[in-house]
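Quick note, this note's numbering runs 16 ahead of the 1-based positions in the sequence shown.
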Amino acid sequence: MSQPTTSLPSAGFPRTAALAAGVVVLILVIVILFQSLPRPEPPPSGDPRVERGRRLFFEETFEGNGRTCGSCHPAENNFTLDPAFIATLPPTDPLFVAEFTPALKDNFEKPDLMRKFAVILENLDGFGDLGNQFVLRGIPHVLAQRISVQSPQGPRTGWSGDGSPGDGSLRSFAVGAVIQHFTKRLDRVPGVDFRLPTDDELDALEAFMLSLGRQEDPKLPLPLKGEVARRGQEIFLDDALGKCNRCHQNAGANANFGGANNNANFNTGVEDLPDQPARLSGAVVPRDDGLGTPGDGTFNTPPLVEAADTGPFFHNNSIETIEGAVAFYNGQAFNNSPAGRALAGSDPNGVGIRLDATQVVAVAAFLRVLNAIENIREADALLQAALGSRAGAILKQALAEIRDAARVLEGGGLHPQAVDDLRQAEREAEKALRKRPPGGPHLGEARAFLAKARSKLSDP
Ligand code: HEC
Ligand code: HEC
Numbered sequence: 017m018s019q020p021t022t023s024l025p026s027a028g029f030p031r032t033a034a035l036a037a038g039v040v041v042l043i044l045v046i047v048i049l050f051q052s053l054p055r056p057e058p059p060p061s062g063d064p065r066v067e068r069g070r071r072l073f074f075e076e077t078f079e080g081n082g083r084t085c086g087s088c089h090p091a092e093n094n095f096t097l098d099p100a101f102i103a104t105l106p107p108t109d110p111l112f113v114a115e116f117t118p119a120l121k122d123n124f125e126k127p128d129l130m131r132k133f134a135v136i137l138e139n140l141d142g143f144g145d146l147g148n149q150f151v152l153r154g155i156p157h158v159l160a161q162r163i164s165v166q167s168p169q170g171p172r173t174g175w176s177g178d179g180s181p182g183d184g185s186l187r188s189f190a191v192g193a194v195i196q197h198f199t200k201r202l203d204r205v206p207g208v209d210f211r212l213p214t215d216d217e218l219d220a221l222e223a224f225m226l227s228l229g230r231q232e233d234p235k236l237p238l239p240l241k242g243e244v245a246r247r248g249q250e251i252f253l254d255d256a257l258g259k260c261n262r263c264h265q266n267a268g269a270n271a272n273f274g275g276a277n278n279n280a281n282f283n284t285g286v287e288d289l290p291d292q293p294a295r296l297s298g299a300v301v302p303r304d305d306g307l308g309t310p311g312d313g314t315f316n317t318p319p320l321v322e323a324a325d326t327g328p329f330f331h332n333n334s335i336e337t338i339e340g341a342v343a344f345y346n347g348q349a350f351n352n353s354p355a356g357r358a359l360a361g362s363d364p365n366g367v368g369i370r371l372d373a374t375q376v377v378a379v380a381a382f383l384r385v386l387n388a389i390e391n392i393r394e395a396d397a398l399l400q401a402a403l404g405s406r407a408g409a410i411l412k413q414a415l416a417e418i419r420d421a422a423r424v425l426e427g428g429g430l431h432p433q434a435v436d437d438l439r440q441a442e443r444e445a446e447k448a449l450r451k452r453p454p455g456g457p458h459l460g461e462a463r464a465f466l467a468k469a470r471s472k473l474s475d476p
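Structure representation (structure tokens):
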């Protein structure tokens with residue numbers, strides 16, 4: 017990062033020299049503060065809190081309306097929901113409580129919008145005016161939390177970085193989620209409409225969530241084999257062209273200014289996109305003002321390794337494809353936003369981000385391959401762990417990851433031979449799943465096909 021004054025952890029990019037000097041000092045303070053922040057260690061394998069947290073996450077209803085955390089963060093769909101997955105659920109699924117519970121009929125969800133765009137209603141500014149004060153947000157996956165929520169100002173959870181009540185931590189997130197999403201009535205009386213999680217339960221939920229997904233960011237550049245994805249990676253990393261790495265360092269969730277890793281908020285203008293699908297449907301979709309009450313218009317930077325198979329994209333699910341999400345950065349909404357203008361301000365030609373169509377596709381190809389590599393890593397780890405009483409469930413999860421890897425490559429017309437290997441791995445994993453008990457030699461076969469596919473994407 018050559019000019020640290022241009023990349024701030026929030027929307028207020030400086031224009032005057034005096035401000036800029038102040039910002040340098042601020043960044044130095046942030047760097048020092050951040051370096052003294054402890055990073056939680058991965059829980060030891062077999063940590064009983066992780067196992068307890070898993071059960072709570074997928075089974076505990078907190079005496080509420082029947083939903084669990086897994087209703088919106090299902091493991092088999094990358095811990096998030098999209099309209100295609102929602103369409104497979106039975107009408108009695110507790111996700112749809114607003115459709116069949118009279119007390120939750122109005123102002124709890126917008127059922128049509130939930131089914132069509134996978135957006136969830138939230139009252140981030142309080143429950144005082146339910147008819148008017150709400151936002152509709154997509155559901156973030158809860159993968160790689162260990163490396164995507166820390167900032168010197170404290171943990172940043174949720175799309176605006178302040179989704180968690182009290183201390184803002186991942187540990188406290190479940191408290192807000194239960195009050196918002198689990199209630200039986202809109203009165204939301206604890207002990208009547210739901211019960212709040214206990215301290216032990218919060219510890220267990222946190223341990224479980226921290227165990228999910230990657231525990232570290234990739235170190236870019238990777239020695240990729242496909243030339244389009246390789247070029248996409250170059251553009252992504254080029255601070256004078258794609259500029260992505262400034263905010264998504266190593267395709268993670270941390271900004272890149274002067275050596276400090278920091279999960280930052282920016283106003284990138286997503287709210288100003290014209291023709292947002294949910295609004296085209298004619299529904300009332302209030303403007304989402306982002307961090308704080310009243311909001312400052314900023315949103316939290318999500319990690320990108322997990323992006324390609326967890327669309328629709330951005331906090332309001334306004335873009336369906338990963339190519340479209342990359343193309344967003346060329347448009348007026350981004351380039352007129354505070355973040356876009358700040359990038360333009362530090363560009364010799366006054367350009368924010370401007371990529372041509374081939375470059376958009378290349379960056380998206382890079383994000384697809386990165387995602388496939390992560391899916392293969394996860395699937396392989398799961399195949400190795402598929403033993404004992406949970407073997408069946410773990411194998412199903414591995415299958416979901418293998419299918420994602422294939423789909424994400426296929427969707428971009430990338431690496432057809434690796435896709436073929438992945439289909440073979442899928443067949444072997446299916447055979448292993450059909451065995452009683454699940455497992456056997458097919459596990460090894462599946463892993464061998466995964467390794468073959470992996471070797472076609474990049475060198476080790
Ligand atoms: C009805 C759907 C729904 C349910 C049920 C639900 N969540 Fe979420 N979750 C969301 C949405 C929507 C967001 C985005 C929140 C925001 O940006 O304000 C979210 C965000 C999160 C995040 C932040 C992720 C990030 O990247 O910062 C965590 C952690 C989380 N949920 C955990 C939980 C836990 C734990 C439970 C169960 C106690 C739960 N959720 C239940 C919909 C749900
Ligand atoms: C100024 C900082 C900044 C820059 C530069 C930037 N991003 Fe982002 N990115 C963000 C923020 C903040 C969000 C969340 C915005 C929202 O949802 O409102 C985001 C969201 C995304 C998402 C959606 C992820 C999801 O899970 O929904 C993708 C994909 C993405 N960025 C890709 C890129 C690419 C590719 C580039 C380079 C061309 C880039 N970003 C440059 C800050 C940035």
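Backbone N, C-alpha and C fix where the C-beta goes; we use that ideal spot for every residue, glycine too. None of these values were measured; they are calculated from a predicted model.
- In the DSSP assignment, ARG423 falls within the unbroken alpha helix (DSSP H) covering 407-426.
- The beta carbon of VAL113 sits closer than 6 Å to those of ASN81, LEU120, all from its chain and outside the five residues before and after it, given in chain order.
- Ranked by Cα distance from PHE101, the first of VAL435, PHE133, PHE78, GLU75 is PHE133.
- Per DSSP, ILE392 lies in no beta strand (DSSP E); the unbroken alpha helix (DSSP H) holding it starts and ends at 373-401.
- Residue pairing by DSSP puts ILE136 in a beta bridge opposite ARG153.
- As summarised for the segment 320-374, the continuous alpha helix (DSSP H) elements at least 4 residues long and confined to that stretch are 338-343, 348-351, 354-361, given in chain order.
- Looking only at ALA91, LEU221, GLU125, the smallest Cα-Cα distance to GLY147 is reached by GLU125.
- By the CB criterion at 8 Å, LEU383 and ILE338 fall inside the cutoff.
- Excluding five sequence positions before and after SER334, the CB atoms of its chain that fall closer than 8 Å to its own CB belong to VAL286, LEU289, GLN292, PRO293, ALA294, PRO328, given in chain order.
- The segment 460-467 and the segment 437-444 touch, with no fewer than 3 CB-CB distances between them shorter than 8 Å.
- Between ASN352 and ARG370, the beta carbon gap of about 13 Å keeps them out of contact (Cβ cut-off 8 Å).
- Annotated three-state conformation of PRO127 is helix, per DSSP.
- Straight-line spacing of the CA atoms in LEU449 and VAL367 works out to 53 Å.
- The alpha carbon of GLY455 has as its nearest neighbour, out of LEU430, GLU426, LYS412, the alpha carbon of LYS412.
- For ALA271, the uninterrupted beta strand (DSSP E) run begins and ends at 271-273, by DSSP.
- DSSP, read as helix, strand or coil, puts PHE143 in coil.
- Among the bridge pairs identified by DSSP, PRO206 is matched with PHE210.
- Judged by their CB atoms, ILE163 and GLY69 are not nearer to each other than the 8 Å cut-off.
- For ligand 1, no non-hydrogen atom lies closer than 7 Å to the CB of PHE282.
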